[in-house]
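Asker: According to the UniProt record's numbering, the sequence shown holds residues 1 to 180 in order.
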Amino acid sequence: MEVIKNNSLHLKQSIVTIGAFDGIHIGHQSLIKKAVRRARQCNISSVVYTFDPPPRAFFQNQMVLTSVEEKVHFLKKLGIDYVIVARFDKDYLAKSAGDFLKELEALSPKEIWVGPNFQFGKGKRGTTEDLAARFNTFIHPLVKCANGQTVSSTRIRNLLHQQKEHLANELLGRELFASV
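1. What is the DSSP secondary structure of GLU175, reduced to helix, strand or coil?
2. Quick one: grab the DSSP three-state call for ALA86.
3. My understanding is that ASP81 touches VAL47, with C-beta atoms under 8 Å, so please give their C-beta distance in whole angstroms.
4. Can you tell me whether DSSP reads VAL180 as helix, strand or coil?
5. Residues in the same chain with beta-carbon distance under 7 Å from ILE44, minus the five sequence neighbours each way, listed in chain order, please.
6. Is the beta carbon of ALA86 closer than 7 Å to that of ASN6?
7. So, with DSSP's three-state summary, where would you put GLN162?
8. In this structure, does DSSP put ILE15 in helix, strand or coil?
9. Which of the three DSSP states, helix, strand or coil, is assigned to THR66?
10. Would you call VAL90 buried or exposed, if buried means 16 or more other Cβ atoms sit within 10 Å of its Cβ?
11. Pull up the distance between the alpha-carbon of GLU69 and that of PRO53, whole angstroms please.
12. Where in the segment 67 to 139 do unbroken runs of the alpha helix (DSSP H), each at least 4 residues long, occur, reported from the N-terminal end onward?
13. Considering only the alpha carbon of each residue, which of HIS10, ASN61, PHE59 and VAL83 lies closest to VAL36?
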């Protein structure tokens, strides 16, 4: 697996999934595994496009669940071929939705896989509809846990604030946070 900065990878064809993927919880894992499976079926490269820091950490100063190094480690275990890490800063925030779509063109995506709430570009002006207008785009459904609640990084952070590490671990699908 190779880790690349944004705007520096050019591929003949790929399957791409995009997201903050903070925590790489079971919902993220489901989405990423689907993209890897599709890439293997098509005999092309799989790419995760992610951000450092995650947007919520940048905008809302929220706790980061996984460092870039940890994220890369988990993505490698999931079988990803390339990880693009975009530095999420003021310069990146100025990128228009159109500029982001042009950047994705360099990856020659056969398919793009995202979650249902995916937005991109300055002011979150880009939508999944914009992505689908240019690329073969698939929206992975939200993953729910056994009690029917949606799995999310925000929910995991809330569980950690409530000192419910065992429940956070269940949503992560691994023992990242050992109980005290």
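For glycine and all other residues, C-beta sits at the position ideal for the given N, C-alpha and C.
Answerer: Inspection of the coordinates gives the following:
1. On the sequence shown, position 175 is the one that residue 175 refers to. In this structure, GLU175 counts as coil in the three-state DSSP scheme.
2. By 1-based counting over the sequence shown, the position of residue 86 is 86. The answer is strand: DSSP assigns ALA86 an E or B state.
3. Start at 1 with the first residue of the sequence shown, and residue 81 comes out as number 81. Start at 1 with the first residue of the sequence shown, and residue 47 comes out as number 47. At roughly 7 Å, the Cβ-Cβ gap stays under 8 Å, so ASP81 and VAL47 are in contact.
4. Translated into the one-based positions of the sequence shown, residue 180 becomes position 180. Since pLDDT at VAL180 reaches only 33, below the 50 mark, its modelled position is unreliable, and no value is offered.
5. To locate residue 44, count along the sequence shown from 1; it is residue 44. Contacts found: GLN13, SER14, ILE15 and LYS110.
6. In the sequence shown, counting from the first residue as 1, residue 6 sits at position 6. In the sequence shown, counting from the first residue as 1, residue 86 sits at position 86. Yes, the pair counts as a contact, with Cβ atoms nearer than the cut-off.
7. Mapped onto the sequence shown, residue 162 falls at position 162. Here GLN162 sits in coil by DSSP.
8. Locating residue 15 in the sequence shown gives position 15, counting from the first residue. ILE15 falls in the strand class under three-state DSSP.
9. One-based indexing of the sequence shown puts residue 66 at position 66. THR66: coil per DSSP, three-state reduction.
10. Looking up residue 90 in the sequence shown gives position 90. As written in the sequence, residue 90 is Lys, which differs from the Val given in the question. Per the 10 Å Cβ criterion, exposed.
11. Along the sequence shown, one-based indexing puts residue 69 at 69. Along the sequence shown, one-based indexing puts residue 53 at 53. Near 12 Å, if we compare the C-alpha coordinates of PRO53 and GLU69.
12. 68 to 77, 90 to 93, 97 to 105 and 128 to 134
13. The residue you call residue 36 lines up with position 36 of the sequence shown. Nearest C-alpha to VAL36: VAL83.
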